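Asks:
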Amino acid sequence: MIIDIVTIFPEFFDTFLGTSIIKRAIESKFVEINLHQLRDYSHNKHKKIDDTPYGGGVGMLMQFPPFYDVIDKLKGEQTKVILLSPQGKLFNQETAKSLAQSNHLILLCGHYEGIDARVESLIDMELSIGDYVLTGGEIPAMIVADTVSRLLPGVIHEDSSLEDSLQNGLLKYPQYTKPDHYKGFDVPEVLLSGNHQNIEKWRNEEQIKQTFIKRPDLIEKVKLSKDQEKVLKKIKEHSK
Ligand SMILES: C[S@@+](CC[C@H](N)C(=O)[O-])C[C@H]1O[C@@H](n2cnc3c(N)ncnc32)[C@H](O)[C@@H]1O
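Written as structure tokens, this is what we have:
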């Protein structure tokens, strides 16, 4: 997969691209992440890319032509062009899974008051990372690039991403590591028992319990099996 990121602050991404799993994924060529300086597509000799909004109003808007030109240059037949924006559809694991099937993404980062609205005619998708407003699209672009990259084959152990929270609509079961006792805080006995059937049963029940407690909105949406329904019923009775 190739991810092209269009930004006026490419330096924002130095640590992101040079650290940990994303760094290794790039080195191993599981993903190629390229940064494109929008100012290189400016039509102005001072590389200016923003101007005042028509009709008046506060702040500066990023201009349409540089975005038109960079998309025109980078876009291929199978590219998905994504605008990061607080007005977009909320980004979630389902969207990440679907984007991980693509082979080329272009992520457009806005700044200031945003981008001339004509850019919306050139995109396939407008994505928001949450109902709040950031100063720029760089952090949202990192969030999308990171989430999608870790779903690509080879980037992390496949079993690990399959068991992640939200992959099947539920949160992951609680996990513990050594030591098993510390200052009165103990690891659940079942995990020390070595009985894999009991551990599996406990984990399945905990997935439902944790989701019910922490994210009741998710438990309403997920399709549970008959056995899971029974577990949920028991948990609901106990919580009364
Ligand atoms: C200050 S915001 C512009 C907000 C715009 N004036 C509005 O009211 O919709 C500047 C840029 O940050 C990015 N941004 C801010 N919040 C975001 C969010 N929640 N999700 C994705 N991108 C966001 C977008 O790229 C946006 O163009």
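Numbering (the numbering used here), first residue to last: -9 to 230. For glycine and all other residues, C-beta sits at the position ideal for the given N, C-alpha and C. As the structure is a computational prediction, the values presented were derived from the model and not from experiment.
1) Confirm the yes/no value for this check: CB of Q27, any heavy atom of ligand 1, distance under 8 Å.
2) With respect to 8 Å, is the separation between the Cβ of Q53 and the closest non-hydrogen atom of ligand 1 below this value?
3) With distances taken from each beta carbon to the nearest heavy atom of ligand 1, which residues come in below 6 Å, in chain order?
4) When the Cβ atoms of the segment 194 to 206 are set against those of the segment 162 to 180, are three or more pairs found closer than 8 Å?
5) Between the alpha carbons of I209 and D121, how many angstroms are there, rounded?
6) Measuring CA to CA, which of S183, G144, K204 is closest to I11?
7) Flag this pair as yes or no: are the beta carbons of Q53 and D62 separated by less than 9 Å?
8) So, at 7 Å on beta carbons, what are the nonlocal neighbours of V60 in its own chain, with the 5 sequence-adjacent residues on each side left out?
9) Cα separation between K83 and I133?
10) I need the straight-line Cα distance from I129 to N185, nearest angstrom please.
11) Given L141, which residues of its chain have a CB within under 7 Å of its CB, disregarding the five upstream and five downstream residues?
12) Would you mind reading off the limits of the alpha helix (DSSP H) that contains S10?
13) Any contact of the segment 98 to 111 with the segment 62 to 73, i.e. 3+ C-beta pairs under 8 Å?
14) Do you know how far the Cα of L156 is from the Cα of D100?
Replies: If we stick to the structure as given:
1) In the sequence shown, the residue the question calls residue 27 occupies position 37. Answer for Q27: no, Cβ out of range of ligand 1.
2) Looking up residue 53 in the sequence shown gives position 63. No, since every heavy atom of ligand 1 falls outside the 8 Å radius drawn around the Cβ of Q53.
3) L74, S75, P76, Q77, C99, G100, H101, E103, G104, I105, S118, I119, G120, Y122, V123, L124, T125, G126, G127, P130
4) yes
5) Against the sequence shown, residue 209 aligns to sequence position 219. Against the sequence shown, residue 121 aligns to sequence position 131. Cα to Cα, the separation comes out at about 21 Å.
6) Residue numbering aside, residue 11 sits at position 21 when the sequence shown is read from its first letter. The candidate whose alpha carbon is nearest that of I11 is G144.
7) Taking the sequence shown and counting its residues from 1, one reaches residue 53 at position 63. Taking the sequence shown and counting its residues from 1, one reaches residue 62 at position 72. No, the pair does not count as a contact, with Cβ atoms beyond the cut-off.
8) Taking the first residue of the sequence shown as 1, we reach residue 60 at position 70. V(-4), H26, L28, Y31.
9) For the purposes of this step, residue 83 is identified with residue 93 of the sequence shown, where counting begins at 1. For the purposes of this step, residue 133 is identified with residue 143 of the sequence shown, where counting begins at 1. In the sequence as presented, Lys is not what sits at residue 83; that position holds Gln. Each residue's Cα considered, the two are about 11 Å apart.
10) On the sequence shown, position 139 is the one that residue 129 refers to. On the sequence shown, position 195 is the one that residue 185 refers to. About 43 Å.
11) Locating residue 141 in the sequence shown gives position 151, counting from the first residue. Excluding the 5 residues flanking it on each side, L141 has same chain C-beta neighbours closer than 7 Å at A86, K87, A90, S151, in chain order.
12) If you number the sequence shown from 1, residue 10 lands on position 20. S10 -> alpha helix (DSSP H) spans 10 to 17.
13) yes
14) Taking the first residue of the sequence shown as position 1, residue 100 is located at position 110. Taking the first residue of the sequence shown as position 1, residue 156 is located at position 166. Reading off the sequence, residue 100 comes out as Gly, not Asp. Whole-angstrom Cα-Cα distance: 28 Å.
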